[in-house]
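Have a look at the structure below before the remarks.
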């Protein structure tokens, strides 16, 4: 049996988790450009494998004058659930400082048929102050060690999913893809890089109808992984992962509208079915 076939369930499961991770936090954190204004997003997503629905998720983001919060949840169903079933939640909170989003905490929980795992990260200006995984994973001598240096100047996975575009022009533009980000998810340290692919127009079943900027997404593992794992090798070798970004109204922040990840069994796809976004007026200071 060819190696890629024997590893297909794990590859598909990991690709599905990568897709849902955009929803729950794995995808992209970029720069510290001002968020500019306030806005909200309430979105629903559907995951599919080779056109067959395999999961659903939800994502809410609330950006205020001085604080922000983001929360996501997702779960597999149908075909994928039969061999890689599970569900997960993720959340990030932080401050809005000079218009930039500065996360202070991140939490995530995943549940499969075998176990439930919880991760938490506390940050201070991009540096990891404290983190933990419960239950604590066993030590694997083949895993590349994550050092203290790897946990400095990073983004948590959830805040990482918010792409901030500097400037005053239309944020949904090719320049939005000229980015790269260091991410620490509590276990792995990796880089995510973007490159412009094309412009498209999308229409959710409910909500957003308009342009998106499509970027190529490259996954570069740095530490916290086992080099010989087929899943890591497969994802790191991919040059055809694509992510489309749509705007949160009233801000210069873009979030994934859909994500496509090739797998040996066909493309894994995460796509918004409902994408409701609205601008929020800034608070007016009270006067005597």
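Residue numbers (our numbering): 297 to 584.
C-beta atoms are modelled at their ideal positions from N, C-alpha and C, and glycine is treated no differently.
Item	Value
From 528, 536, 550, residue whose alpha carbon lies closest to that of residue 439	528
Where residue 561 falls: helix, strand or coil (DSSP)	coil
Own chain partners of residue 301 with C-beta closer than 6 Å, once the 5 adjacent residues on each side are dropped	Low confidence applies to residue 301: its pLDDT is 28, below 50, so where it sits in the model is not reliable, and the reading given next is rough at best. Taken in chain order, the list of residues that qualify is empty.
Distance CB(residue 519)-CB(residue 454) smaller than 7 Å	no
Outcome for residue 393 when other beta-carbon atoms lying within 10 angstroms are tallied against a minimum of 16	exposed
C-alpha distance - residue 575 paired with residue 441, whole-angstrom precision	43 Å
Identity of the residue in 470, 484, 352 nearest residue 447 by Cα	484
Beta-carbon gap between residue 386 and residue 404 smaller than 7 Å	yes
Start-to-end residues for the alpha helix (DSSP H) that takes in residue 504	Note, residue 504: premise wrong, no alpha helix (DSSP H); not H, not E.
Where residue 458 sits in the DSSP three-state scheme	coil
Exposed unless 16 or more other CB atoms sit within 10 angstroms - verdict on residue 460	buried
7 Å CB neighbourhood of residue 328 in its chain, flanking five on each side removed	Confidence at residue 328 is low in this model, with a pLDDT of 40, below 50, so its placement is unreliable and the value that follows should be read with caution. Here the set comprises 396.
Beta-ladder partner(s) of residue 531, from DSSP	Paired residue(s): none; residue 531 is not in a bridge.
The region 345-365 / the region 544-564 touching (three or more Cβ pairs under 8 Å)	yes
Option in 496, 477, 426 with minimal Cα separation from residue 490	477
Reduced DSSP secondary structure (H/G/I, E/B, other) of residue 575	strand
Bridge-paired residues (DSSP) for residue 352	342, 371
Which listed residue (470, 362, 360) has its alpha carbon closest to that of residue 494	470
Residue 364 versus residue 398 - alpha carbon distance	9 Å
Contact check, residue 553 vs residue 542, beta carbons under 7 Å	yes
Rounded C-alpha distance that separates residue 354 from residue 434	31 Å
Coarse secondary structure for residue 517, derived from DSSP in three states	strand
Buried or exposed (CB count within 10 angstroms, at least 16 for buried), residue 506	exposed
Residue from 568, 427, 523 with nearest C-alpha to residue 437	523
Residues of its chain near residue 413, where Cβ-Cβ distance is below 6 Å and the 5 sequence neighbours each way are ignored	406
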